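Protein chains: 2
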Amino acid sequence: MKTPNRVRIIEVGLRDGLQNEKTVLDVETRIAFAKRLAQAGVKEIELGAFVSPQWVPQMAGSQELVSKVVALKREKVDGKHSEFKTVRLSALVPNTKGLEGAKQSGVERIAIFASASEAFSKKNINCTIKESLVRYREVVEQALAAKMSVRGYLSMCFGCPFEGKVSEAKVVKLAEKLLDMGCDEISIGDTIGVADPVQVKRLGKALKSALGKDAMAMHFHDTRGTALANILASLEIGITSFDSSLGGLGGCPYAPAATGNVATEDVVYMLHRMGVKTGLDLESLIETSRWLQPKMGRELPSKVARAGLPRIIS
Amino acid sequence: MKTPNRVRIIEVGLRDGLQNEKTVLDVETRIAFAKRLAQAGVKEIELGAFVSPQWVPQMAGSQELVSKVVALKREKVDGKHSEFKTVRLSALVPNTKGLEGAKQSGVERIAIFASASEAFSKKNINCTIKESLVRYREVVEQALAAKMSVRGYLSMCFGCPFEGKVSEAKVVKLAEKLLDMGCDEISIGDTIGVADPVQVKRLGKALKSALGKDAMAMHFHDTRGTALANILASLEIGITSFDSSLGGLGGCPYAPAATGNVATEDVVYMLHRMGVKTGLDLESLIETSRWLQPKMGRELPSKVARAGLPRIIS
Chain G
1 MKTPNRVRII
11 EVGLRDGLQN
21 EKTVLDVETR
31 IAFAKRLAQA
41 GVKEIELGAF
51 VSPQWVPQMA
61 GSQELVSKVV
71 ALKREKVDGK
81 HSEFKTVRLS
91 ALVPNTKGLE
101 GAKQSGVERI
111 AIFASASEAF
121 SKKNINCTIK
131 ESLVRYREVV
141 EQALAAKMSV
151 RGYLSMCFGC
161 PFEGKVSEAK
171 VVKLAEKLLD
181 MGCDEISIGD
191 TIGVADPVQV
201 KRLGKALKSA
211 LGKDAMAMHF
221 HDTRGTALAN
231 ILASLEIGIT
241 SFDSSLGGLG
251 GCPYAPAATG
261 NVATEDVVYM
271 LHRMGVKTGL
281 DLESLIETSR
291 WLQPKMGREL
301 PSKVARAGLP
311 RIIS
Chain D
1 MKTPNRVRII
11 EVGLRDGLQN
21 EKTVLDVETR
31 IAFAKRLAQA
41 GVKEIELGAF
51 VSPQWVPQMA
61 GSQELVSKVV
71 ALKREKVDGK
81 HSEFKTVRLS
91 ALVPNTKGLE
101 GAKQSGVERI
111 AIFASASEAF
121 SKKNINCTIK
131 ESLVRYREVV
141 EQALAAKMSV
151 RGYLSMCFGC
161 PFEGKVSEAK
171 VVKLAEKLLD
181 MGCDEISIGD
191 TIGVADPVQV
201 KRLGKALKSA
211 LGKDAMAMHF
221 HDTRGTALAN
231 ILASLEIGIT
241 SFDSSLGGLG
251 GCPYAPAATG
261 NVATEDVVYM
271 LHRMGVKTGL
281 DLESLIETSR
291 WLQPKMGREL
301 PSKVARAGLP
311 RIIS
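Residue numbers (the numbering used here), protein chains in the order written: chain G, 1 to 314; chain D, 1 to 314.
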């Protein structure tokens, strides 16, 4: 089987994960979480979101959190760099107001969040896709002018809870628009965990032709257990960047009992067993997952954290 | 992607699933469970095990259960056949004593349980692999003489909690031996859920060359979340038979908190979404999983039963 030698893991637990959890973690705990991720070798961390805490209480304090972590990244203590020195930090920004906060924090990268489903765009961000792109164009332009880089999320790429099927041509076109706008990478979201490997290969190939593999990441939710199979399907067509969330933090607002984001440690377990490098330390990830679980007040969905590593292997 | 048009699902929840659960279900509940499976279109059901209830209390009453279901299969009520008419029924048989029970029940197919790991064979069935094969040869001969067919399980094919790595050459050789002995199918077990897709393709191809695809089934546990990815890998090399357990019934005695067998409804969800036929009715399976869950006194691991079907799709 042809698989890449190495893949990039983009950790989204602190943002996409936590914002969908009932339990709200304070800033200090989130910083401790970020430190543990960096110590485990994670090189890309989305730290929070510059959104109103009225709407998303889980992201309250993102200004403080991002500013502090950025400061840690820049600082030397006793002549030594912190664990964040080589980590690319980012934060979600919904609008120009949020961008002001991001600029103040000094974060080097922002993310914007568009949808491939018209119905979801209206429900989630209260505007049409077209209107959202107009808004984001301004955000991206200002961010680039401030020397920040921009990641674009595209949600509901494999199906929508309101619209049902989502046109693959539309997904490709929107991804291209986000890239043209100045994003350097598009995260292709299976936001409600409905994708299957055949669909992933079909849409993934179309996106790879349009964007190039280095300008895309796959963002799978494990709502119906297919996330690792979908990652395998992506690897088989040469995609090498994946979003994941430590412990499987996150949920699915459209299926309250269900699992959300795929767990970082489950992804890394499968990849390492397959001989694919990630640069991450799996035991540290599992330890962090177990450290985090009591703070979240629920059993986190990661299967590897629950089962532990086998006493083997290769 | 080349995938088969249709696959066989062998339901092992009533045996491999239940025997690893803490909760013991009575015979009537297990018969009701089997009926629901048959009504959902399941064509192969392992009903129980002819083992001592002292050792495996969960399998107590297998004699009565299997006899009753066999009778239902043969009977007509008001001129109508039961839901079991076209279902192949089987039961696990550890030795010639168990075989006597199986004969009395009238079941058409038995299964024997060998291991690819010497250490596990000793711990699990208290004899070496060689000794187990001598014992099973006698069981298989007598079963064939009684016009029963025989399935062979081979456990720990991808790794063992005691030995670590298991030689792939040894797995192939043992599978061939079981076939030569008179088994018509070997179920290749990832008993502790450690397999990865690369390993599955490598060992799967070797087994397919040695046995032929119609004489093998893959038996994955989802202990570390990789079962559906491993099924995808198997499909991609042309394997078309899979064991699964409704709801994900079962566990892993070597990782008590962990998930066991892959859930039938999760497998069927992925396959149907991929366009692969199973002949099973997914909604009925989910309904049965939800019917079963309160009886088991724990949340069953199936993700599809928890999330439900998406409001979509193809």
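From the three backbone atoms N, C-alpha and C, an ideal C-beta is built for every residue, glycine too. Quick caveat, the model's predicted, so the values are computed rather than measured.
Beta-ladder partner(s) of residue i, from DSSP
i: Glu283 (chain D); result: Answer is none; Glu283 (chain D) lacks a bridge partner.
i: Phe113 (chain D); result: D:Tyr153
i: His358 (chain D); result: Summary: the structure shown does not reach residue 358 (chain D), with chain D confined to residues 1 through 314, and so no result is reported for it.
i: Ala91 (chain G); result: G:Gly48, G:Ile110
i: Asn261 (chain D); result: D:His221
i: Lys277 (chain D); result: D:Arg6
i: Gly164 (chain D); result: D:Cys160
Backbone CA spacing between residue i and residue j [nearest angstrom]
i: Thr278 (chain D); j: Ser67 (chain G); result: 53 Å
i: Leu300 (chain D); j: Leu292 (chain D); result: 9 Å
i: Gln54 (chain G); j: Lys103 (chain G); result: 21 Å
i: Val42 (chain D); j: Arg273 (chain D); result: 18 Å
i: Gly322 (chain D); j: Ala229 (chain G); result: Residue 322 (chain D) lies beyond the range of chain D shown here (1 to 314); nothing can be said about it.
i: Arg109 (chain G); j: Tyr153 (chain G); result: 13 Å
i: Ser314 (chain G); j: Ile188 (chain D); result: Residue placement at Ser314 (chain G) is flagged as unreliable, the pLDDT there being 43, under the threshold of 50; the coordinate-derived value follows with that caveat. C-alpha separation (whole angstroms): 20 Å.
i: Val304 (chain G); j: Pro161 (chain D); result: 15 Å
i: Val172 (chain G); j: Gly238 (chain D); result: 31 Å
i: Ala169 (chain G); j: Val200 (chain G); result: 14 Å
i: Ile186 (chain D); j: Ser244 (chain D); result: 15 Å
i: Ser234 (chain D); j: Thr240 (chain D); result: 8 Å
i: Arg290 (chain G); j: Ser284 (chain G); result: 10 Å
i: Ala32 (chain D); j: Thr288 (chain G); result: 43 Å
i: His219 (chain D); j: Tyr269 (chain D); result: 17 Å
i: Asp180 (chain D); j: Gln19 (chain G); result: 57 Å
i: Gln58 (chain D); j: Leu14 (chain D); result: 10 Å
i: Ser2 (chain G); j: Lys35 (chain D); result: Position check: residue 2 (chain G) holds Lys in this sequence, whereas Ser was assumed. Taking the straight line joining both Cα atoms gives about 43 Å.
i: Ala146 (chain D); j: Thr96 (chain D); result: 12 Å
i: Leu99 (chain G); j: Val93 (chain G); result: 6 Å
i: Glu44 (chain D); j: Val139 (chain D); result: 21 Å
i: Lys80 (chain D); j: Leu37 (chain D); result: 18 Å
i: Glu21 (chain D); j: Pro253 (chain D); result: 10 Å
i: Phe120 (chain G); j: Ser209 (chain G); result: 26 Å
i: Glu163 (chain D); j: Ala49 (chain G); result: 47 Å
Where the alpha helix (DSSP H) through residue i begins and ends
i: Gly189 (chain G); result: Careful: Gly189 (chain G) lies outside any alpha helix (DSSP H), inside the beta strand (DSSP E) at 185-190.
i: Ile45 (chain G); result: Counting along the chain, Ile45 (chain G) falls outside any alpha helix (DSSP H), though it belongs to the beta strand (DSSP E) covering 44-49.
i: Tyr136 (chain G); result: 129-145
i: Tyr254 (chain D); result: Segment: none, Tyr254 (chain D) is in no alpha helix (DSSP H) and carries neither H nor E.
i: Arg202 (chain D); result: 197-211
i: Glu265 (chain G); result: 264-274
i: Gly238 (chain G); result: Segment: none, Gly238 (chain G) is in no alpha helix (DSSP H) and carries neither H nor E.
i: Gly101 (chain D); result: 96-105
i: Ser60 (chain D); result: Here residue 60 (chain D) turns out to be Ala, not Ser, going by the sequence shown. No alpha helix (DSSP H) contains Ala60 (chain D), which DSSP labels as neither H nor E.
i: Glu168 (chain D); result: 168-181
i: Ala307 (chain D); result: 303-307
i: Glu28 (chain G); result: 27-39
Where residue i meets chain G, residues with beta-carbon distance less than 7 Å
i: Met274 (chain D); result: Asp196, Pro197, Val198
i: Ile192 (chain D); result: Pro310
i: Ala175 (chain D); result: Simply none; closest approach about 21 Å.
Bounding residues of the beta strand (DSSP E) (the contiguous stretch that carries residue i)
i: Asp243 (chain D); result: 241-244
i: Ile125 (chain G); result: First-last for Ile125 (chain G): 118-125, but that is the alpha helix (DSSP H), not the beta strand (DSSP E).
i: Met216 (chain D); result: 216-220
i: Ile10 (chain D); result: 8-11
Partners in chain G for residue i, counting only beta-carbon separations shorter than 9 Å
i: Ala116 (chain D); result: Result: empty, since nearest Cβ-Cβ is about 14 Å, beyond 9 Å.
Closer than 7 Å at the beta carbon, the chain D residues around residue i
i: Met270 (chain G); result: Asp196, Thr226, Ala229
i: Arg306 (chain G); result: Ala257, Ala258
8 Å Cβ cut-off: residues of chain D touching residue i
i: Arg298 (chain G); result: Near Arg298 (chain G) there are no residues of chain D at all, since even the closest Cβ is about 12 Å away, more than 8 Å.
i: Ile45 (chain G); result: Result: empty, since nearest Cβ-Cβ is about 22 Å, beyond 8 Å.
Partner residues on chain D for residue i, Cβ-Cβ distance less than 9 Å
i: Arg6 (chain G); result: What Arg6 (chain G) touches in chain D: nothing, since even the nearest Cβ is about 15 Å away.
Beta-carbon neighbours of residue i, restricted to chain G and to distances below 8 Å
i: Pro294 (chain D); result: Those within 8 Å of Pro294 (chain D) in chain G number zero; the least Cβ separation is about 14 Å.
i: Asp214 (chain D); result: What Asp214 (chain D) touches in chain G: nothing, since even the nearest Cβ is about 23 Å away.
Below 8 Å, can you find three or more Cβ-Cβ pairs linking the region 121-133 of chain G to the region 201-211 of chain G? no
Tell me whether the region 134-154 of chain D and the region 109-119 of chain D touch, counting them as touching only if at least three CB pairs, one residue from each stretch, are closer than 8 Å. yes
For the structure I just gave you, are there three or more beta carbon pairs, one from the region 257-268 of chain D and one from the region 219-227 of chain D, closer than 8 Å? yes
Are the region 69-76 of chain G and the region 14-27 of chain G in contact at 8 Å, needing three or more beta carbon pairs? no
At a cut of 8 Å, does the region 261-270 of chain G reach the region 3-12 of chain D through at least three beta carbon pairs? no
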